[in-house]
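Under my numbering, think of the first position of the sequence shown as 1, with each following residue one higher. Data block below; observations after.
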Amino acid sequence: MEPSEIISVENLVEVYADGTRALEGISFNVKKGEFFGFLGPNGAGKSTTIKILTTFLRKTSGHVQVAGYDLEKSPKEIRKVIGVLTQETIIDVDLTGKENLRLQGRLQQMHGSVLDQRVDELLKTVQLEEFANKPAGRYSGGMKKRLDLASALIHKPKLLFLDEPTTGLDPQARASIWDYLDELNREEGITIFLTTQYLEEADKLCRRLSIIDHGKIVAGGSPTELKQAIGHDTITLSLKNPKDSLLRSETKRILQEIPGVMDVTDSDGGIAAHGMNANEIIADVVTALDRNNIRPTSLNMSSPTLDDVFLHHTGRRIRPEELGRKPTEQILM
Ligand SMILES: Nc1ncnc2c1ncn2[C@@H]1O[C@H](COP(=O)(O)OP(=O)(O)OP(=O)(O)O)[C@@H](O)[C@H]1O
Ligand SMILES: [Mg+2]
Numbered sequence: 001m002e003p004s005e006i007i008s009v010e011n012l013v014e015v016y017a018d019g020t021r022a023l024e025g026i027s028f029n030v031k032k033g034e035f036f037g038f039l040g041p042n043g044a045g046k047s048t049t050i051k052i053l054t055t056f057l058r059k060t061s062g063h064v065q066v067a068g069y070d071l072e073k074s075p076k077e078i079r080k081v082i083g084v085l086t087q088e089t090i091i092d093v094d095l096t097g098k099e100n101l102r103l104q105g106r107l108q109q110m111h112g113s114v115l116d117q118r119v120d121e122l123l124k125t126v127q128l129e130e131f132a133n134k135p136a137g138r139y140s141g142g143m144k145k146r147l148d149l150a151s152a153l154i155h156k157p158k159l160l161f162l163d164e165p166t167t168g169l170d171p172q173a174r175a176s177i178w179d180y181l182d183e184l185n186r187e188e189g190i191t192i193f194l195t196t197q198y199l200e201e202a203d204k205l206c207r208r209l210s211i212i213d214h215g216k217i218v219a220g221g222s223p224t225e226l227k228q229a230i231g232h233d234t235i236t237l238s239l240k241n242p243k244d245s246l247l248r249s250e251t252k253r254i255l256q257e258i259p260g261v262m263d264v265t266d267s268d269g270g271i272a273a274h275g276m277n278a279n280e281i282i283a284d285v286v287t288a289l290d291r292n293n294i295r296p297t298s299l300n301m302s303s304p305t306l307d308d309v310f311l312h313h314t315g316r317r318i319r320p321e322e323l324g325r326k327p328t329e330q331i332l333m
């Protein structure tokens, strides 16, 4: 492990008792002070990775070091310096916000005025002062997440693990958590390891990320690097009958022959043509399809997003129901 690193993972494998292979030998590292992201769809292996790194789950094999400690030899030391926000809330709904934080503090061996001060400070930072004496069961989803976050921070961890911190929140609550996390990282220098299914979240917050799918890392780098590596615009066309394999292969062949088209791949319900500049190719695409009597139901042009990076590496979208891209232009055929 390099001195600049805070997490080092080599060839990590997790096979659950029922035989499920959740992690197929992943390797990555996180540097001190970094905001690092793990982006992937449901079931990719994100929570499994967090559970292992935070000592809650035993790894099957591989080598893991966290904060300079070996995972197997020094789990107690690791637990002292990390904070964890799990995917499921740890709040006791019968206790008030303040009581919840005091309880978490005592679990971290904190007492007396040190604990009192820390609790007050955190209630202020996550803006729950006003609701401090209300039972947490009556908090909104966003307030519960903020209380969970405050609980994870009680002992001033230098490394914070966040498992999908904003899933299920409305856009406003999500944005306020983003601001707070960004501040924690920039101003207090806390290293953050975050998992998410939200492309926008990874793009906005993470300075470096790994994209994970089916227990394997499919790509890694800064959001900009990842997007530049696929380095092109995409024209996606939907076919009336996407299951018609003859039509698919014929369409692909036609697209491939167009000058400026670098690559043609499958996409949900259609086909995607990639090129450096969609504006320059679109007219040729329309003409070529028309000449061959292929009438797509729609044509979209877009610049790369992290979802396109995922599509490029896996042939699927992360969240097909939520199209993580904003078409710059749509032409209905
Ligand atoms: N206790 C378990 N026993 C068996 N299989 C499990 C167990 N926990 C998780 N899995 C499986 O391991 C794989 C990875 O699950 P994991 O919870 O790590 O995914 P995830 O990326 O966190 O997904 P999500 O975004 O839905 O939270 C999935 O196939 C899941 O069904
Ligand atoms: Mg999960």
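We put the CB at the ideal spot given by N, CA and C, even for glycine.
Which listed residue (the options) has its alpha carbon closest to that of residue i
i: I235; options: L289, I192 and R79; result: L289
i: R317; options: D18, G189 and G40; result: G40
i: E201; options: L169, I254 and I230; result: L169
i: V30; options: D179, V261, P3 and R146; result: P3
i: L239; options: T49, F36, E5 and R295; result: R295
i: V93; options: K144, L123, G220 and M301; result: K144
i: I26; options: A17, G33, E34 and F38; result: F38
i: L311; options: T297, K158, I78 and A273; result: A273
i: T224; options: K204, I212 and E14; result: K204
Where residue i falls, given that 16 or more other Cβ within 10 Å makes a residue buried
i: A175; result: exposed
i: G19; result: exposed
i: L12; result: buried
i: H155; result: buried
i: R325; result: Caution is warranted here: a pLDDT of 39 is assigned to R325, below 50, making its placement in the model unreliable, and the coordinate value is therefore given only provisionally. Burial call: buried.
i: D244; result: exposed
i: R291; result: exposed
i: T328; result: Unreliable positioning characterises T328 in this predicted model, as indicated by a pLDDT of 44, which lies under 50. The coordinate reading is nonetheless provided below. That one is exposed.
i: N241; result: exposed
i: G275; result: buried
beta-carbon residue i near ligand 1 non-hydrogen atom, thresh 7 Å
i: N42; result: yes
i: S47; result: yes
i: Y198; result: no
i: T55; result: no
i: T20; result: yes
i: Y16; result: yes
beta-carbon residue i near ligand 2 non-hydrogen atom, thresh 7 Å
i: D163; result: yes
i: Q127; result: no
i: Q87; result: yes
8 Å Cβ shell around residue i - same chain, five flanking residues per side excluded
i: L147; result: I91, G97, N100, L101, V126, L128, A136 and Y139
i: R58; result: I52
i: L271; result: Just to set this straight, residue 271 is Ile in the shown sequence, not Leu. The answer, listed in chain order, is T236, L237, L239, R248, T251, K252, L255, V264 and T265.
Near ligand 3: residue i beta-carbon under 7 Å from a heavy atom
i: Y69; result: Summarising the ligand content, the structure contains ligand 1 and ligand 2 and does not contain ligand 3.
Close-in-space but distant-in-sequence residues of the same chain around residue i (CB under 7 Å, 5 per side omitted)
i: G315; result: T265 and D266
i: T54; result: I82, V84 and F161
Spatial neighbours of residue i in its chain, beta-carbon cut-off 6 Å, leaving aside the 5 residues before and after
i: S8; result: M1, N29 and Q65
i: G231; result: none
### Task
Would you list, in sequence order, the uninterrupted alpha helix (DSSP H) runs of no fewer than 4 residues that lie entirely inside the region 87-168?
You should have 97-107, 112-125 and 141-153.
### Inside the region 5-57 only - beta strand (DSSP E) runs reaching at least 3 residues
Runs of the beta strand (DSSP E) inside the region 5-57: 5-15, 21-31 and 35-39.
### Query
What are the uninterrupted segments assigned as alpha helix (DSSP H) that are 4 or more residues long and contained completely in the region 190-247, given in chain order?
Taken in chain order, the unbroken stretches of alpha helix (DSSP H) that lie wholly in the region 190-247 and span 4 residues or more are 199-205 and 223-230.
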